[in-house]
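> Here it is, the structure, as structure tokens.
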Amino acid sequence: MTSGLGRRAAVAVAAVWIGLSGATAARAQDPLPSPADTVDADSLSADSLAADSLEAEPLIPPDAWIPSDSLAFSASGDTLGAPFLPGVDAPVETGFPWLLELPGWHGLAVEHYNRVDGLTPSWGLALEPLDPVQRPELAARIAAATTHSRLYWSGSVRQRLPLPGAIHVRFEHFHRSTTFDDWKVSIQENDVATLAFASDLLDWWREKGYALAFEAETPDGRWGGALAYLDASQHAQRDRSPFALFGANYRDNPPAVEGDLHSLSAQFQVDTRDIQSPLLPSPGWWLRADAELAGGVLGGELDFRRAAIELNRFSRFGEDVWWNTRAVWMGPLDGDSLPVQRHVMLGGPGSLRGFRGGSFVDSQGGQISSEVRLPLPVGRRIALLFLSWHWVAFADAGALGDYEEWHANVGTGISGVNLLSFVELFVAQRITDLDEDGSGPRFVVRFRRDL
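Here it is in structure tokens:
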């Protein structure tokens, strides 16, 4: 009996609830009443429509106190309380207009490790503008040699111009240890070779002065160029034989021609490749040409005219078979000898890989290199080292001076890409100059692509 009454009560409550819900839903779907439905027609007299009866009451009474942190007053840099104007953005104050960047570890890095300065620690910073058109890029760096008492520094200002593409004007003041041979190997690769095997592959000199440059690049990055003026005193650097893990037989650092250098240089570059990552290859052409005029009407104590051109072709067959070729020429434009710091040096990684670095040096010279890359399967164990890897076969040839005597080598090895870097392990054997010392095979390690 009790359970029967309980069921009836529950059913009644549910019916009432459903009825109320249905009424509410139906009411929500009814159209909103119009003003004519809610205003009595008799009240629409002429007196009721007097002007003083239509005055709007203010949303905020004039005598009301409003706290200063209310949204009624916009704070500095706040756009929530700013009036809305169609097509007009409210001004925003961002505070400090640059982003601070500290390269390396909190600004600390290694400038280089070579046979004249040894370990050269540095500290630097860069200020990247939030609006690169309104404000310039600023950078500064200071470094100290450890084999002798000398400080190096660099300070630069780089301003982007409000023109299509990437067009900049750059000014730099510096005191630096520099080289002309980094077209073959990077400074970082040379640091490792010097520390590990006392094999400094570059020649060095010191210069102090300033450079003013105009740099331009198209929006797609395919075309670029630069025009630069250099005013710097040139100073020779001597070999100081810093510590090396294996061996200490450093190659002599040639003395630079000293004096004031005033030069004007122009550079032109074309790149038809679609580069997605510097670690990954891409088919296409890459061309760079530059010329430098020193002395004459520019003044200074060094007088020369020189040019250089480098052409690379990257060809892909199928999905991952590559044939790459590079040709390089450097030399004077007027037939006169160039100062030592503008000489061509062949031999070593990035050049004639079957010869020791700096084996051949002259005012002018050229080389050509070609290689074939075939993909190798990535097994479970290889995947721990490389994301992809290739077997490589290559050949290099080059000549200097009057180009009567050519030097050549062949080689093979593997190259691989991992998450951190690119690695090449090669063995190269010269096929000329076999009657000279050191004519056996040479082991080559690279951390960037030769081609």
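In my numbering, the protein residues as written are 100 to 550. The beta-carbon is built from N, C-alpha and C at its ideal position, and this holds for glycine as well.
Which same chain residues end up closer than 7 Å to alanine 492 when comparing Cβ atoms and leaving out the 5 residues on each side of it in sequence?
The residues are Glu470, Val471, Thr511.
> Could you have a look at glutamate 418 and say whether DSSP puts it in helix, strand or coil?
If DSSP states are grouped into helix, strand and coil, glutamate 418 belongs with coil.
> What is the DSSP secondary structure of aspartate 359, reduced to helix, strand or coil?
If DSSP states are grouped into helix, strand and coil, aspartate 359 belongs with the strands.
> Could you give the DSSP three-state label for aspartate 532: helix, strand or coil?
Of the three classes helix, strand and coil, the one that applies to aspartate 532 here is coil, per DSSP.
> I'd like to confirm the pairing. Which residues does DSSP put opposite tyrosine 251 in its beta bridges?
Partner(s): Ala242.
> Using CA coordinates, which residue listed in Arg257, Ala292, Trp282, Met444 is at the minimum distance from alanine 498?
It is Met444 whose Cα lies nearest to the Cα of alanine 498.
> So, helix, strand or coil for threonine 371, using DSSP?
Coil at threonine 371, not helix or strand.
> Among residues of its own chain, excluding the 5 on either side of alanine 496, which ones have a beta-carbon nearer than 6 Å to its beta-carbon?
Taken in chain order, the residues that qualify are Ile467, Trp505, Ala507.
> Thinking just about the alpha-carbon of each residue, which of Gly358, Leu360, Asp338 is nearest to the one in leucine 350?
In the sequence as presented, leucine is not what sits at residue 350; that position holds arginine. It is Asp338 whose Cα lies nearest to the Cα of arginine 350.
> Return the CA-CA distance between valine 356 and tryptophan 303, expressed in angstroms with no decimal places.
Distance between the alpha carbons of valine 356 and tryptophan 303: 12 Å.
> Below 7 Å CB to CB, which residues in the same chain sit around aspartate 532 once its five sequence neighbours on both sides are set aside?
Here the set comprises His506, Ser538.
> Is the CB-CB distance between glutamate 200 and isoleucine 266 below 9 Å?
Taking 9 Å as the Cβ cut-off, glutamate 200 and isoleucine 266 do not qualify as a contacting pair.
> Could you tell me the boundaries of the alpha helix (DSSP H) in which isoleucine 286 lies?
Element bounds for isoleucine 286: 286-296.
> Over the uninterrupted beta strand (DSSP E) stretch that includes arginine 455, give me the two end residues.
Careful: arginine 455 lies outside any beta strand (DSSP E) and carries neither H nor E.
> Between the Cα of glycine 383 and those of Gln333, Arg372, Pro341, spot the shortest distance and give me the residue it belongs to.
The option with the nearest alpha carbon to glycine 383 is Arg372.
> Given this structure, state the Cα-to-Cα distance separating alanine 408 from glycine 457, to the nearest angstrom.
Looking at the sequence provided, one finds isoleucine at residue 408 rather than alanine. Looking at the two C-alpha atoms, the distance is approximately 20 Å.
> Taking its Cβ as the centre, do 16 or more other Cβ atoms sit within 10 Å of glycine 186, making it buried, or is it exposed?
Confidence is the limiting factor: at glycine 186 the pLDDT is only 49, short of 50, which leaves the residue's position unreliable, though a coordinate-based value still follows. Classification for glycine 186: exposed.
> Any idea what DSSP makes of arginine 441, helix, strand or coil?
Of the three classes helix, strand and coil, the one that applies to arginine 441 here is helix, per DSSP.
> Should the segment 241-254 be regarded as contacting the segment 204-220, the criterion being three or more beta carbon pairs within less than 8 Å?
Touching, yes.
> From the DSSP output, in three-state form, read off proline 540 for me.
Coil.
> Classify proline 552 as buried or exposed, calling it buried when 16 or more other Cβ atoms lie within 10 Å of its own Cβ.
Because the chain is modelled from 100 through 550, residue 552 falls outside the range shown and cannot be assessed.
> Assuming leucine 397 and serine 362 are in contact, meaning their beta carbons sit under 8 Å apart, how far apart are those beta carbons, in whole angstroms?
Indeed they touch by this definition, with Cβ atoms about 7 Å apart.
> Identify whether glycine 256 lies in helix, strand or coil by the three-state DSSP scheme.
First, the amino acid is wrong: residue 256 is valine here, not glycine. It is a strand residue.
> Using the Cβ count rule (16 or more neighbours within 10 Å means buried), how would you classify asparagine 289?
Result: buried.
> Just to confirm, are phenylalanine 273 and serine 253 a CB contact at a threshold of 9 Å?
Yes; because the gap between Cβ atoms is below 9 Å, this pair is in contact.
> For leucine 550, which three-state DSSP category applies?
Of the three classes helix, strand and coil, the one that applies to leucine 550 here is coil, per DSSP.
> Please say whether lysine 283 and leucine 300 have beta carbons closer to each other than 9 Å?
In this structure, lysine 283 lies closer than 9 Å to leucine 300 by Cβ.
> Taking alanine 347 as part of the beta strand (DSSP E), name the residues at either end of that continuous run.
Looking at the DSSP string, alanine 347 is not in any beta strand (DSSP E), and its letter there is neither H nor E.
> List the DSSP bridge partners of valine 427.
Note: valine 427 sits in a beta bridge opposite Glu409, Gln466.
> So the candidates are Gln440, Arg404, Pro196; which of them puts its Cα closest to the Cα of phenylalanine 279?
The option with the nearest alpha carbon to phenylalanine 279 is Gln440.
> So for alanine 482, helix, strand or coil by DSSP?
Here alanine 482 sits in helix by DSSP.
> Helix, strand or coil for valine 215? Go by DSSP, reduced to three states.
Coil.
> Which same chain residues end up closer than 6 Å to proline 166 when comparing Cβ atoms and leaving out the 5 residues on each side of it in sequence?
Caution applies to proline 166, whose pLDDT of 47 falls short of 50 and renders its modelled position unreliable; the model cannot decide the point.
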